[in-house]
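Student:
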Amino acid sequence: MKEKLNYSYYPGCSLHASAGEYDLSTRELFKKLKIGLTEVPDWFCCGATPAHNVDELLSLSLCAKNLELADKVEGDLAVACAACFSRLKTTQNVLSESEVKRKQVEKAIDAPVILDSHVKHLLEILARDLGPERLAQSVNKPLSGLKVACYYGCLLTRPTDVPNLDCVEAPTIMEDVLKAVGAETVAWTHRMECCGANFTLSRPGVVIQLTNAILDSAKAAGADCVMVACPLCHGNLDIRQKEIEGVYSVNYNLPVFYLTQLVGLAVGLGPDKLGLAAMMVNPLPLLKEKGLL
Amino acid sequence: MQSLSRHFTLMSTVQFLIGGILLSIKGCFVKKKKMIISQETMDVDFVRKVEALSGTSVRRCFQCGKCSAGCPMATFMEHPPNRVVRLLQLGQWQRILAGRSIWYCASCETCTTRCPNKVDLTSIMDALRKLSWDAEGASKESYVQLANKLFLQNIRTYGRQYEMRLAAVFNVKSGQFLKDLMLGPKLISKGKLKMFQSKNKNLSEIEKIFTRIEEMRRKGEAL
Amino acid sequence: MHSEKQKHSFEPKIIAFVCTWCTYAGADLAGTSRMQYPSNVRVLKFPCTGRIDPVFILKAFQQGADGVLVSGCHPGDCHYIAGNFHARRRFAAFRKLLEFVGVDLNRLQFSWVSAAEGGKWVEVVTDLTEKVRAMGPMAEFKQLALEEQWSGTIGTPELKEAYNAI
Amino acid sequence: MSRIGVFVCHCGENISRTVDVERVAAQVGKLPGVAFATDYKYMCSDPGQNLLKKAIIEQKLSHVVVAACSPRMHERTFRKAVESAGINPFLCEMANIREHCSWVHENREEATVKAIEIVGMMVERVKKNRVLPTITVPVTKRSLVIGGGIAGIQAALDIADCGHEVVLVEREPSIGGHMAQLSETFPTLDCSQCIMTPKMVDVANHPKIKLYSYSEIELVEGYIGNFQVTIRKKARSVDEDKCTGCGLCMEKCPIKKIPSKFDCNLGMRTAIYVPFPQAVPNTPVIDRENCTKFKTGKCGLCQKVCGPGAVDYEQEDRLIVEPVGAIVVATGFDLYTINEKPKGSMIKGYGEFGHGKIPDVIDGMTFERLASASGPTGGKILRPSDGKEPKQIVFIQCIGSRAREKGISYCSKVCCMYTAKHTMLYHHKVHDGQAYVFFMDARTPGKSYDEFWRRSIEEEEAVYIRGMVSRLYQKGDKIVVMGSDIAVGVQVEIEADMVVLATAIQPQKGADTLAQKLGISYDKYNFYSEAHAKLRPVECATAGIYLAGACQGPKDIPDTVSQASAAAAKVMTLFAKDQLEREPIVARVREAGCVGCFYCKKVCPYGAVEEKEIRDRQGNLIRVVAYVNPGVCGGCGTCQATCPSKSVELDGYTDEQIVAMIEAL
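Residue numbers (my numbering), protein chains in the order written: chain A, 132 to 424; chain B, 52 to 274; chain C, 29 to 194; chain D, 274 to 938.
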């Protein structure tokens, strides 16, 4: 048995707002699994897509600043949001490759850039650091019979070599975690298609079109629910699901769980500790039907 | 009071509509116009700027079309991704910035991931958007730009993103008061839109980063 | 498949004149690929379709063939540069003659089968066999063969009587 | 009476599974003439072959039929076996009851009946087989190489280095061909002349190479191993033995304004000239059409100044006969002429590009001469019209190539690469210039080729525009190029200073005439045809004649050199034997029946039929009959099927044999 795992924690803006249940379930799950989690004090927004879209230097500087703040807390940096994860990793990648950009960023944040710290997505912590075996040992309510469509979205694995989380075209890391907690995963076609999160505010029509294709594929593959590891994906798949059903006159009724919610369920956390009530598509009927509550 | 605000909404919607139509007519004209190519019309400096910002080679692209084949947003663009690169190769940036293609990029990285030639198209798009902002008003897609602008303003002011405020301000500024009206209360009831949030005690830091970058640009130390 | 085939009352005799480089090799390929086709065909190997004298076709019909297949390399692929072109021209003229003589040209098939076309060989042989089977036995030339044995002079009534008796 | 032995093979279970082999042996054993019939598990195995040999000796067999697999598989095996038992190999036949019977039928009864009939046919056939002697022909171990370009030079050097004499014939006054005209070569950009001229000198100095420059092939007679070649050595008007190559004659020649063909008419030469300074041989030739002495009888300056007295106005064409055993054809290519539309030719020209009318629209080879350090501009890229350096240069690919409408539907293979090279050369010489290339597809297969093309775009910054140009026209001192970029989907217009057209590769003029002299086949474009597109790409269908280089199809230098060396290797394989053995499947003429119509001569694809005169003892001509040269005959039998009097027979496939088989049915 390895020594106790300890991480610094960068929740990101969404987890302090619309994705509160992700934050809650993450903290509760890590407590249950006896993994240390210390929130980075006074972290900033990473800039997300809008920043790098129009101002790469700003995006890099914000992330570098966050890396610097995180470095003061013990342990590797645990990140919950796929977009924050992608930005922090990209920053490390770009700045280690470009001397010019690194100098500019150092000047902007007035501090040295931390390039060698480990930034880890929650998935990576569960699947690699903890490992499927130890995770399986903690399971006391296996999610047997629950058919889950794992939705990776764009930024968890892309582009090649940057997040370095799993195979860029055929990742299995989500399936590995779910298998360890006894759930069943379905093979489906749209697990890495983009949901258009960038346009959720500005062009919701686009988002509805893209997200519908994703939900349609998951439903067609026979999934009971969808699992995500990103608050932005969740925002589109869950929050907009009713709207999509209305626009396309379909009925999906696919609860969209966060990674930590499903794993939390398996290790015996109750609905209140997982924030299930905050989900727009009510998961309770499904969980009751499967005998998981 | 109510009628006044309705009047205001109507006005801005009409304004947007007319502006949009005018811009798309202009866009069509540019799109179809014969390309006169010479050393003068090929803006190599602009291409170099894009290459410096994106850290990738534009010339390397041999127009296989894989980026456009996989782009989730290609159907919404008037210049699909491969054509954006092609126009860039010919130094015809005005044609790119006149359209809304760059603003319809979702930054999903599909193109970069699958490019056979290691052209980092996502970064090229980033660079083009940045240069479009520098060129001020070159591009016509206003909603996405507005959202981006507000997002960055929020970071500067609060250090973090406040979705409630972002959405509200966006709706006011874009004149779409009724947008996602049905969603709001539900989100609040689910605790998803918080009215107040924990403040960052380090706000001066973020302002410093913004000002330092602005200063570097003023001095020409950064693009 | 075969039980079905055995229902046929008439099994035609097909003679195939093929060149050694393309069609014979193609038929070999059909064998090595274990494709199946009717067993009615008998293959005669020639170096080249250019070697095939139209007389052989007449002879085959005389000898009781109900159908004849001539097959060689595709135009332009001849091992002997141009033999198949000569054959093609020769047979184009010969067909007219044969038609004039009164042979149903459906009994005579020309085709190109390359060394790589085992499947096409099977197709051609099967098609011709079925076609000829539907047409029934070829009687005209067998009669000629008999006449030939009579030196072609059966003018006198006695001879005619004897001939009819056969 | 023949004593035929029939051996039926089980082929393990491959045959015996569907064919009742014992019944086949028993039934066939009853046929008249069959003295012995048996079956065995594996006839091709050692014990199987021994069984065959033992039976031949013990049963005193005269003919053998082996009923087994396809003759394409084991005919050679069994013929060898019977030969070792003392029977002529051609008295052994195979009946194919595997590929044509057991493998393609499932019904045992049907398959067995068919097998019996197949073996029966072969029994009747083998009865009519005749003893055939192996044919041997002597080999003259000298070879002829036609064409002194890089292909001919390489082939000649390879053969000569093996110690065999080579006769190298070149039409032009100097060897070197097109490669000597090139500036630098892709993909390494090494100077063409630097790598070419040492090889040319090697040819000149090689003791085993006999060089006939300024000469052409007049007549080719004979067959593999025994060709008689008549060479026309055109009158050079300069005695090669006396000339020292001092060049004084050229200095003094008053006619100095003749456009140089070697320099694509960009430079001028004198009436007595060598095509280029490094020419091999370095002996001038007098261009009689332009020489004052030949036109008016006056002048004669060159003769006066020539110290060794080499200039000889009286010299005439000479015909020389050379006996050779093998011929390598390496006549190379010619460039598509953009405007010229030869009468009766299926090839058309381009009017829309104004080549020939707009002086600064040039072809690829002209650009090579401009870029060549030894060229008329000393390697400077200058416009032919006013000598200015072009700052905007447009290259257009596929001129003539892939243009069905113009009569050429093939890809010329080298243009994409040489255009990429041109853009690089241009960029190296005109730093502030910009090169544009209009192309349909970039075809750059080959080692380091695609990388080379990409380099021209990524590093040398050539702008490639996918889309063909519609037309060119002059506007002031600019050339307006009307094209389109199909990736963007808009029309494109460029005002260029100079336009280079990447012209197609065509066979040499007169390639068809030479092919007819050699008796080799050629395609509709006049490229020579190889014996097999994949497995015999170097040989002609005509034995003893080999192909090297672009005369067979468009090729770049490395491919040409490879094929030349391959052709040389083929020649050496031929020369490794003193006598040639060949299968005796050849046609023979029954002279008594031959009426001398020579239809056979017309249809023979090998030119093997000759006219033979029959004379009486006094030497009076009685009649002329056909004679088939067994050394040349390919054994197709077309002559036999054509012969109206049935006086020519193909050994191994006689009418008797075939009729016997048909009658066996």
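Quick reminder that beta carbons are idealized off the backbone N, C-alpha and C, glycines included.
Please give the ranges of any alpha helix (DSSP H) in the region 331-360 of chain A, keeping only runs that are unbroken, at least 4 residues long and fully inside the region.
Tutor: Within the region 331-360 of chain A, the complete alpha helix (DSSP H) runs of at least 4 residues are 335-351.
Student: Can you look up Lys310(A) in the DSSP assignment and give me helix, strand or coil?
Tutor: As a position in the first sequence, residue 310(A) is number 179, starting the count at 1. Of the three classes helix, strand and coil, the one that applies to Lys310(A) here is helix, per DSSP.
Student: Under 8 Å between the Cβ atoms of His628(D) and Ile611(D)?
Tutor: Here residue 628(D) refers to the residue found at position 355 when the fourth sequence is read from its first residue. Here residue 611(D) refers to the residue found at position 338 when the fourth sequence is read from its first residue. It is a contact, given that the beta carbons lie within the stated cut-off.
Student: If we call anything under 8 Å between Cβ atoms a contact, is Met713(D) one with Gln670(D)?
Tutor: Along the fourth sequence, one-based indexing puts residue 713(D) at 440. Along the fourth sequence, one-based indexing puts residue 670(D) at 397. For Met713(D) and Gln670(D), yes; Cβs fall inside 8 Å.
Student: Report the three-state DSSP secondary structure of Trp140(C) (helix, strand or coil).
Tutor: Residue mapping note: residue 140(C) aligns to position 112 of the third sequence, counting from 1. Strand.
Student: What runs of the alpha helix (DSSP H), each 4 residues or longer, lie entirely inside the region 109-165 of chain B?
Tutor: Runs found: 117-121, 132-140, 144-149, 161-165.
Student: From the DSSP output, in three-state form, read off Phe275(B) for me.
Tutor: Any question about residue 275(B) goes unanswered here, given that chain B covers just 52 to 274.
Student: Enumerate in chain order the residues of its own chain whose CB-to-CB distance from Leu217(B) is below 7 Å, with the five nearest sequence positions on each side excluded.
Tutor: Residue 217(B) sits at position 166 when you count from the first residue of the second sequence. Answer for Leu217(B): Leu201, Phe202, Asn205, listed in chain order.
Student: Taking 8 Å as the threshold (C-beta atoms), are Lys529(D) and Val543(D) in contact?
Tutor: As a working note, residue 543(D) is residue 270 in the fourth sequence. As a working note, residue 529(D) is residue 256 in the fourth sequence. With the sequence shown as reference, residue 543(D) is identified as Thr, and Val is not the correct amino acid for it. The answer is yes: Cβ separation under 8 Å.
Student: Answer with buried or exposed for Ile87(B), where buried requires no fewer than 16 other C-beta atoms within 10 angstroms of its C-beta.
Tutor: By one-based count along the second sequence, residue 87(B) stands at place 36. When all chains shown are included, Ile87(B) counts as exposed.
Student: So, Gly436(D) versus Leu853(D), is the Cβ gap smaller than 8 Å?
Tutor: By 1-based counting over the fourth sequence, the position of residue 436(D) is 163. By 1-based counting over the fourth sequence, the position of residue 853(D) is 580. No. Outside cutoff.
Student: Using the three-state DSSP reduction, which class does Ile497(D) fall into: helix, strand or coil?
Tutor: Counted from its first residue, the fourth sequence places residue 497(D) at position 224. Ile497(D): coil per DSSP, three-state reduction.
Student: Quick one, which of Leu462(D), Ser743(D), Cys342(D), Glu491(D) has its alpha-carbon nearest Gly783(D)'s?
Tutor: Walking along the fourth sequence from the start, residue 783(D) turns up at place 510. When each option's Cα is compared against that of Gly783(D), the closest is Glu491(D).
Student: When the cut-off is 8 Å and only beta carbons count, does Thr163(B) lie next to chain A?
Tutor: Locating residue 163(B) in the second sequence gives position 112, where the first residue counts as 1. Interface residue, yes.
Student: Return the Cβ separation of Ile385(D) and Arg290(D) in integer angstroms, given the expectation that the two are a contact with Cβ distance under 8 Å.
Tutor: Counting from 1 along the fourth sequence, the entry for residue 385(D) is found at position 112. Counting from 1 along the fourth sequence, the entry for residue 290(D) is found at position 17. Residue identity differs from the one stated: residue 385(D) is Thr in this sequence, not Ile. The Cβ separation is near 11 Å, so there is no contact.
Student: With a CB to CB cut of under 7 Å and the five nearest residues on each side skipped, what residues in its chain are close to Val292(D)?
Tutor: One-based indexing of the fourth sequence puts residue 292(D) at position 19. Once the five neighbours on either side are set aside, the close Cβ partners of Val292(D) are Ile370, Cys374, Ser375, Ala384, Thr385, Ala388.
Student: Return the Cβ separation of Asp585(D) and Val474(D) in integer angstroms, given the expectation that the two are a contact with Cβ distance under 8 Å.
Tutor: Your numbering for residue 585(D) matches position 312 in the fourth sequence. Your numbering for residue 474(D) matches position 201 in the fourth sequence. Not confirmed; about 26 Å, so no contact.
Student: Nearest CA to the CA of Ala839(D): which residue from Leu808(D), Thr815(D), Arg855(D)?
Tutor: Within the fourth sequence, numbered from 1, the residue matching residue 839(D) stands at position 566. Here the closest residue by C-alpha is Leu808(D).
Student: Please classify Leu73(B) as buried or exposed, where buried requires at least 16 other C-beta atoms within 10 Å of its C-beta.
Tutor: As a working mapping, residue 73(B) is identified with position 22 in the second sequence. Reliability of the predicted coordinates at Leu73(B) is poor, the pLDDT of 49 falling under 50, and no value is obtained from them.
Student: Return the residues of the region 48-73 of chain C that lie within a Cβ-Cβ distance of less than 9 Å from chain D, sorted by chain order.
Tutor: So the list reads Thr48, Tyr52, Ala53, Ala55, Asp56, Leu57, Ala58, Gly59, Thr60, Ser61, Arg62, Met63, Gln64, Tyr65, Pro66, Ser67, Asn68, Val69, Arg70, Val71, Leu72, Lys73, given in the order they occur along the chain.
Student: In the DSSP assignment, find the beta strand (DSSP E) that holds Ile416(D) and state where it starts and stops.
Tutor: Within the fourth sequence, numbered from 1, the residue matching residue 416(D) stands at position 143. Position check: residue 416(D) holds Ser in this sequence, whereas Ile was assumed. It spans 415-419 - the beta strand (DSSP E) in which Ser416(D) sits, taken as one unbroken run.
Student: How long is the line joining the alpha carbons of Glu237(A) and Leu172(B), rounded to whole angstroms?
Tutor: Numbered from its first residue, the first sequence carries residue 237(A) at position 106. Numbered from its first residue, the second sequence carries residue 172(B) at position 121. Each residue's Cα considered, the two are about 26 Å apart.
Student: Does the beta-carbon of Pro857(D), which I'm using as the reference point, lie nearer than 7 Å to any heavy atom of the ligand ADP?
Tutor: You won't find the ligand ADP in this model; it holds no ligand whatsoever.
Student: Near Asp105(C), what residues of its chain come up, given a Cβ to Cβ distance below 7 Å and the 5 sequence neighbours on each side ignored?
Tutor: The residue you call residue 105(C) lines up with position 77 of the third sequence. Closer than 7 Å at Cβ, skipping near neighbours: Cys50, Ser142.
Student: Residues of the region 905-920 of chain D with a CB closer than 8 Å to any CB of chain E: list them in chain order, please.
Tutor: Of the protein chains in the structure, A, B, C and D, none is chain E.
Student: Which residues in the same chain have their Cβ closer than 6 Å to the Cβ of Thr556(D), if we skip the five residues on either side of it in sequence?
Tutor: Position 283 of the fourth sequence, counted from the start, is the residue given in the question as residue 556(D). Once the five neighbours on either side are set aside, the close Cβ partners of Thr556(D) are Val511, Glu513, Cys516.
Student: Apart from the five residues just before and just after Ser149(A), which ones in its own chain have a Cβ nearer than 8 Å to its Cβ?
Tutor: Against the first sequence, residue 149(A) aligns to sequence position 18. Cβ neighbours of Ser149(A) beyond the five flanking positions: Pro362, Gly366, Ile370.
Student: With 8 Å set as the bound, which would you pick, yes or no: does the beta-carbon of Leu521(D) sit closer than that to a beta-carbon of chain C?
Tutor: Start at 1 with the first residue of the fourth sequence, and residue 521(D) comes out as number 248. It does not; no Cβ of chain C falls within 8 Å.
Student: Residues of chain B with CB closer than 7 Å to the CB of Gln576(D), please, in chain order.
Tutor: Position 303 of the fourth sequence, counting from 1, holds the residue named residue 576(D). Neighbours of Gln576(D) on chain B: none; closest Cβ ~56 Å, over 7 Å.
Student: Excluding five sequence neighbours on each side, which residues of the same chain lie with their C-beta closer than 7 Å to the C-beta of Ala88(C)?
Tutor: Along the third sequence, read from residue 1 onward, the residue named residue 88(C) stands at position 60. Only Ile43, Val96 meet the Cβ criterion.
Student: Given that a residue counts as buried once 16 or more other Cβ atoms are within 10 Å of its Cβ, and exposed if not, what is Leu246(A)?
Tutor: One-based indexing of the first sequence puts residue 246(A) at position 115. With fewer than 16 other Cβ atoms within 10 Å, it is exposed.
Student: Do Val412(D) and Phe848(D) have their beta-carbon atoms positioned less than 8 Å apart in this structure?
Tutor: Counted from its first residue, the fourth sequence places residue 848(D) at position 575. Counted from its first residue, the fourth sequence places residue 412(D) at position 139. A contact, by the Cβ cut-off of 8 Å.
Student: Please classify Lys919(D): does DSSP put it in a helix, a strand, or coil?
Tutor: Indexing the fourth sequence from 1 puts residue 919(D) at position 646. It is coil, neither helix nor strand.
Student: Quick check on Gln764(D) - is its C-beta less than 8 Å from some C-beta in chain B?
Tutor: Residue mapping note: residue 764(D) aligns to position 491 of the fourth sequence, counting from 1. Closer than 8 Å: yes.
Student: Using a cut-off of 8 Å between C-beta atoms, extract the partners of Pro123(B) located in chain A.
Tutor: One-based indexing of the second sequence puts residue 123(B) at position 72. Under the 8 Å cutoff, chain A gives Glu324, Cys325, Gly327, Leu341.
Student: Could you round the C-beta distance between Asp312(D) and Ala298(D) to whole angstroms and report it? I think they count as a contact, below 8 Å.
Tutor: Numbered from its first residue, the fourth sequence carries residue 312(D) at position 39. Numbered from its first residue, the fourth sequence carries residue 298(D) at position 25. With 8 Å as the limit, Asp312(D) and Ala298(D) qualify as a contact, their Cβ atoms being about 5 Å apart.
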